[in-house]
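Read the structure below first, then the notes.
Protein chains: 2
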Amino acid sequence: MTQTPTTDAPQLQELIDALGAGSVVTDPATIENYRWDRANDPDAGTPAAVVRATSTEDVQAAVRFAAARGLPVVPRGAGSGLSGGSTAVEGGIVLSMEKMRDIQVEPLTRTAVVQPGAFNAEVKAAAAEHDLWYPPDPSSFEFCSIGGNIATNAGGLCCVKYGVTTDYVLGMTVVLADGRAVELGGPRLKDVAGLDLTKLFVGSEGTLGVITEITLRLVPSQRPPTTLVATFATLEDSTEAILAISSQWRPSMLEFMDKPTINAVEDTTKMGLDREAAAMLVIQSDEPAEYAAKEIEEIEALCNENNATEVFYTTDAEEGEAFVVARRMAIPAVEQKGSILLEDVGVPLPRLGDLVRGMAEISQNHDVVIAVLAHAGDGNTHPLLVFDPADEDQKQRAHTAYGEVMDLAIALGGTITGEHGVGRLKRPWLSDYIGEDALDLNHRIKMALDPHNIFNPGAVLDPAALNATG
Amino acid sequence: MTQTPTTDAPQLQELIDALGAGSVVTDPATIENYRWDRANDPDAGTPAAVVRATSTEDVQAAVRFAAARGLPVVPRGAGSGLSGGSTAVEGGIVLSMEKMRDIQVEPLTRTAVVQPGAFNAEVKAAAAEHDLWYPPDPSSFEFCSIGGNIATNAGGLCCVKYGVTTDYVLGMTVVLADGRAVELGGPRLKDVAGLDLTKLFVGSEGTLGVITEITLRLVPSQRPPTTLVATFATLEDSTEAILAISSQWRPSMLEFMDKPTINAVEDTTKMGLDREAAAMLVIQSDEPAEYAAKEIEEIEALCNENNATEVFYTTDAEEGEAFVVARRMAIPAVEQKGSILLEDVGVPLPRLGDLVRGMAEISQNHDVVIAVLAHAGDGNTHPLLVFDPADEDQKQRAHTAYGEVMDLAIALGGTITGEHGVGRLKRPWLSDYIGEDALDLNHRIKMALDPHNIFNPGAVLDPAALNATG
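If you read the protein sequences in the order shown, they are chains A and B.
Under the numbering used here, the first residue of the first sequence carries the number 1, and numbering increases by one thereafter.
Under the numbering used here, the first residue of the second sequence carries the number 1001, and numbering increases by one thereafter.
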C-alpha cells in the first residue's frame, strides 16, 4: 500500500524540472487553496505540491513521479465536490486539471472531445454554438468541471428524462497508476469490444486513474420548455402528486422544495414564493409545443387531484427559468442559515413519501433543521442539515442526524448517494449500503488497477480494508 | 488457470443430486443442441453436462460444483449469439438460462425485474401491458434472451435515438466465480455509491460472472412512427444523405440496405423493392404528430438534395412496419444465398462512406459477395460475406475478407464489433482494435474477478494471455 510519503525539496525539484516551475505549486499560501472541496473535510491534509497539468503528458509525469515514491495522488477538477472526493492527502500530490480546458465540438458526429478542467457550462455553451446540447446539469454547472462530473457520474435536474453523466460518455483517455495513458472507447455510438472500461471509470471518483480527455455524446438542442409550478399544503399531497406524474408522464424536470427551503429561497430572492406551502414542485415539459401543452395540462390535473393549493404554468421561457434559478440557488440560500451538512440520498419513487416523512421525524428527534430539496422525479433528495457551527452540541446532533438519514434511505431500499459520490464523507456508510460482497468486488478492481493505492487513497474505499484484500 | 476437466459420471451425480435430474442434462443427443450459438463455431466442444437452472441458487450450486473441479462454465441464453460467445467448451458445463423467464413489471417506478432467459420480445410485451416500453431492439428480438442482450450490451434499430442495452440496466444479481451471489444496483434512477459494477458486467459476455436477475429501466410507450423509404442510385449519395440527416435530425430509426441485400430481401418477400437501387434507407420519426411531419419532410428534402431516386413516407404504422420487417429479415434472406460470415463493424459516421466503399473493394478483390445492411444512423454495419460452403477456396477467400473488413474498420477509427460482441470469432482482432494497454486492463479485471478463468474461457480473452498476466 501507500508508502510513507517522502517529499523533501530536492525530490520536488525533479518534478519541477520535468514539468516546469509554472506547473508545480509549492508555495504554502497557494497550496492552501487546494486542500478542500466544498465538503470542507476537517481532516484534509496539506499536499507537498499541487501540479497544474497542461497535458496528458504532464499527468503521466506527475503520476510516475508519485508512483516511484509511493506518494498519494488526488485528482482535482474545480473543487466543487460535495463529498470530499478531492480532499487533499497529507504530503501527497494534488493533480489539478484547471488548465486543461480545451473543448472541440464535432457537429457531424454530435460529439465533443473535452479536457477535464472545462466547466460543464463551457461544454454546454460550446455545444450550443452548433445547436447541440450536453444534457447533464448539476446545479453547480456554472462552476463544476466536466472531469469532476465524470469522476462522480454527476446528475442534475434534467436527468429525470435525459439520464446521468455516464449516458453521455463515449470514451476517454486515462492515466493509469504506472503512468501509462490508455484510450478507452471513442466517438462510436455502439462499441462492445472488450469490457466496458469507459463506464467503469465514470463514477470511480479518481480512485482508478486520472481522466485527461473525454469524448462526450451530444444531442440536438433542447426545445424551450413549458414550466409549471405547484404548491401543496402537506408533504403527503406533494409526494403523491410526484408519484402520479412520474408514473404517467415524462417531464424534463420534476423538482421539489419543502417549506424550510422555500423560505430560505424567498429570503434571498423576494420573488413572492408561498411561505406557508409545505412543498413546491417545479416541473417542465420540453416536448414539441402541441404535445407539451397536453402534457402540462395533464400534470396540472394530477396536481389538482392531489390537492394542490396553487398551480400555474407558463410557456414564457424566461419566466419559467426564474423558478428553475430559484430551485438551483436553494443550497446557497439555505447556507445563509448556518453551516450545513448536505445529504444526497435517493429511494425508489414509491418510498419518497416515507423518506420525506422519516426525515421530518429525524429533524424533530434531534432538533436540527433539515431543509429538503429534491430531484423528485428520480427519487434523489438533498436534505440540508443546518447547524450553528459555534454550537458544538447542535453540530454533534446534526452529524448524528446525517447518519440516520442514510440509515433511513438504506432501510427504504435507497442509496446513500445519488449523484454526489461517496468521497470521504460517506465512506463509513458504503458497506452498509452495497454490502460486503459488492464492496469486495470494489476492492478487487481497485487492487487490480492501482495495487499500491496511490490514487485518492481514503476516498470511497478504506485503505485498511484494501490492505486486508491485497 | 483452468485445470484439466475431470467429469466422470460419479462426479456429475453430485450435481444431479444437488439440482435434481430434471435440471442436469447428460444425454448426448440433447447436449448436442447446446454446443453452438448462431456463430456455428467449428471448434465448439462437447460439454460434460448442461444445467438448466431454475433459480439463482441453482446457478450458485452449478458454479460451486464447477469451481471445485476447475470446470469451464459457459452461460447461455437463447443461443442466438452471432460471435460464438456461447460456444460450448469441451468437458465443461453449459449453464442454460432457458427456464429462468420471470418478468415482473413495476409500473410505479417504470422498472422491470426480469430473469435472464426471458426473451427480449417477452420483456417488451410485459412492459406494453402497462403502456411502457423497453427500447433496445436487436433484429433477433423475437428469439434472443434478455440475459444474452445484457451479456453483449446488445443494440438494435432504435438505438440511434434511444441508446443501447446498458442505458436501460439499473441493477442485477450476479453469481461470482466462488459461487457468491451479489446484488449490484437496483431500482434507483441515480446511484453513485462505489464503482459502477452494474455497467461493468453489461457487455462482459459471460466472462466475469453469471447474471441471474436484472432490473431494467422502462420508458413510456413509443408513439406510432412515420416511416420514410428512400432509394439511391449510388452508395455515395446514400451515405451523404445519412450524414446530413443524422447530423441535423434525430430519427428513431435510420437503416440502410445495399443492392445485394435489397435483392435478397425482394427474392424472399416479393414486396416490390427497387432491385436496381444501389441503396435503400428506412427511416422513422416517432415524435408527436405535428413535429414528426416536419421532421420527416425535412428528411425527405435531405434525401432529395442527395439525389434520391425515390422517396415516399407513410403515417400508416402497418404499412411502415412492412419495410422494417423487410429490413429485419435481411440476414435470413441473405442466408438463403449461401453460408455467411456476419460482420458487425462500426465507424464514426463521417467515415461510413469510406467503409462502404472499402468493403466493395474487398468484395471485388476476393471475388466474394458482401451484402451490407446497417444501423446507419449510428455507423454500425453488418456486412454479410456470402460463400458456398462446398467451395473451399471461396470459403477461404471469405475468411480473408472477413479479417480485412475488421482491419479496414480499425483503420477508419471504427470498432470490430458494435453490438454482437467479441465472443470467439473476433477474439484475434481485439488487441489490434483496443490496443495492448486496454487489453491488459481487461486481463487484470478478469483475473481479479475470475482468477481461475472458469467463466467462458476462450471467449473475448485469450486464456494463454491471461495466464501470462496472472
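Ideal Cβ placement from N, Cα and C applies to all residues, glycine included.
Could you tell me if residue i is buried or exposed, where buried requires 16 or more neighbouring beta carbons within 10 angstroms of its beta carbon?
i                  : result
Ser145 of chain A  : buried
Glu1014 of chain B : exposed
Lys1446 of chain B : buried
Ser974 of chain B  : There is simply no residue 974 of chain B to check, as chain B begins at 1001 and stops at 1470 in what is shown.
Met1271 of chain B : exposed
Pro332 of chain A  : exposed
Glu1032 of chain B : exposed
Pro1028 of chain B : exposed
Gln104 of chain A  : exposed
Thr1212 of chain B : buried
Thr4 of chain A    : Residue placement at Thr4 of chain A is flagged as unreliable, the pLDDT there being 46, under the threshold of 50; the coordinate-derived value follows with that caveat. Under this definition Thr4 of chain A is an exposed residue.
Asn1040 of chain B : exposed
Asp450 of chain A  : buried
Asp393 of chain A  : exposed
Phe1141 of chain B : buried
Gly421 of chain A  : buried
Asp1137 of chain B : buried
Can you give the Cα-Cα distance for residue i and residue j, rounded to whole angstroms?
i                  : j                  : result
Thr2 of chain A    : Arg1397 of chain B : Note that Thr2 of chain A has pLDDT 42, beneath the 50 cutoff, so the model's placement of it is unreliable and no number is given.
Val1471 of chain B : Ala1468 of chain B : Past the boundaries of the shown model lies residue 1471 of chain B; chain B is included only from 1001 to 1470, so the question cannot be answered.
Gln364 of chain A  : Thr166 of chain A  : 37 Å
Ala127 of chain A  : Ala322 of chain A  : 23 Å
His452 of chain A  : Asp1058 of chain B : 38 Å
Gly206 of chain A  : Glu335 of chain A  : 28 Å
Gly358 of chain A  : Leu425 of chain A  : 22 Å
Glu236 of chain A  : Arg351 of chain A  : 11 Å
Trp1036 of chain B : Gly1185 of chain B : 32 Å
Val1344 of chain B : Ala1411 of chain B : In the sequence under discussion, the amino acid at residue 1344 of chain B is Asp, which differs from the Val named in the question. So the two alpha carbons sit approximately 15 Å from each other.
Trp1429 of chain B : Leu1466 of chain B : 16 Å
Arg327 of chain A  : Gly156 of chain A  : 12 Å
Glu1183 of chain B : Gly346 of chain A  : 17 Å
Phe455 of chain A  : Gly423 of chain A  : 12 Å
Leu1176 of chain B : Ala88 of chain A   : 35 Å
Ala67 of chain A   : Asp258 of chain A  : 48 Å
Gly1379 of chain B : Phe387 of chain A  : 54 Å
Leu19 of chain A   : Val73 of chain A   : 16 Å
Asp432 of chain A  : Lys1099 of chain B : 33 Å
Ala112 of chain A  : Glu436 of chain A  : 38 Å
Glu543 of chain A  : Leu12 of chain A   : It is not possible to answer for residue 543 of chain A, since the shown part of chain A is limited to 1 through 470.
Asp1471 of chain B : Ala49 of chain A   : Absent from the structure is residue 1471 of chain B, since the part of chain B shown begins at 1001 and ends at 1470.
Glu1300 of chain B : Ala1279 of chain B : 15 Å
Asn306 of chain A  : Thr315 of chain A  : 23 Å
Cys1158 of chain B : Glu106 of chain A  : 23 Å
Mind reading off the beta-carbon distance from residue i to residue j? Whole number of angstroms is fine, and I expect it under 8 Å.
i                  : j                  : result
Ser86 of chain A   : Val51 of chain A   : Not a contact, Cβ separation roughly 14 Å.
Ala409 of chain A  : His366 of chain A  : That belief does not hold up - the Cβ atoms of Ala409 of chain A and His366 of chain A are roughly 16 Å apart, past 8 Å.
Gly418 of chain A  : Asp1017 of chain B : About 46 Å; that fails the 8 Å criterion.
Leu342 of chain A  : Phe256 of chain A  : About 16 Å; that fails the 8 Å criterion.
Phe1143 of chain B : Ala1244 of chain B : Between Ala1244 of chain B and Phe1143 of chain B the Cβ distance is about 35 Å, and since that is not below 8 Å, they are no contact.
Gly1203 of chain B : Asn1149 of chain B : Contact doesn't hold; Cβ gap of about 10 Å is too wide.
Arg1094 of chain B : Arg1076 of chain B : Before going on, a small fix: residue 1094 of chain B reads as Val here, not Arg. Sure, about 5 Å apart at Cβ, within 8 Å.
Lys389 of chain A  : Ile370 of chain A  : The question names Lys, yet the displayed sequence has Pro at residue 389 of chain A. Not a contact, Cβ separation roughly 17 Å.
Pro224 of chain A  : Val160 of chain A  : Pro224 of chain A to Val160 of chain A, Cβ: 18 Å. No contact.
Glu310 of chain A  : Ala230 of chain A  : 7 Å
Thr1381 of chain B : Ser1285 of chain B : 22 Å between Cβ atoms; not a contact.
Checklist entry - Any residues in the stretch 1412-1440 of chain B with a beta carbon nearer than 9 Å to a beta carbon of chain A? Which ones, in chain order? => result Gly1413, Gly1414, Thr1415, Ile1416, Thr1417, Gly1418, Glu1419, His1420, Gly1421, Val1422, Lys1426, Trp1429, Leu1430, Tyr1433, Ile1434, Gly1435, Asp1437, Ala1438, Leu1439, Asp1440
Next on the checklist: Does the structure place the stretch 195-213 of chain A close enough to the stretch 275-292 of chain A that three or more beta carbon pairs sit under 8 Å?
Outcome noted: no
Checklist entry - Using Cβ-Cβ distances below 7 Å, what residues of the stretch 370-386 of chain A are close to chain B? => result Cβ contacts with chain B: Asp378, Gly379, Asn380.
Next on the checklist: For the stretch 281-297 of chain A, list every residue whose C-beta sits within 9 Å of some C-beta in chain B, in sequence order.
Outcome noted: Glu287, Pro288, Ala289, Glu290, Tyr291, Ala292, Lys294
Checklist entry - Using 8 Å as the Cβ pair cut-off and three pairs as the minimum, do the stretch 1215-1231 of chain B and the stretch 1131-1146 of chain B touch? => result yes
Checklist entry - Taking any Cβ of chain A, which residues in the stretch 1447-1460 of chain B have a Cβ under 8 Å from it, in chain order? => result Met1447, Ala1448, Leu1449, Val1460
Item to check | Against chain B: residues of the stretch 155-166 of chain A by CB proximity under 8 Å | outcome: Gly155, Cys159, Val160, Gly163, Val164, Thr166
Next on the checklist: Residues of the stretch 325-352 of chain A in Cβ contact with chain B at a cutoff of 8 Å, in chain order, please.
Outcome noted: Gly346, Val347, Pro348, Leu349, Pro350
Checklist entry - Taking Cβ-Cβ distances below 7 Å as the criterion, which residues of the stretch 100-128 of chain A are in contact with chain B? => result Under the 7 Å Cβ criterion, the stretch 100-128 of chain A contributes Pro107, Leu108, Thr109, Arg110.
Item to check | chain B contacts made by the stretch 189-201 of chain A, where a contact means CB separation under 8 Å | outcome: Leu189, Lys190, Asp191, Val192, Ala193, Gly194, Leu195, Asp196, Leu197, Lys199, Leu200
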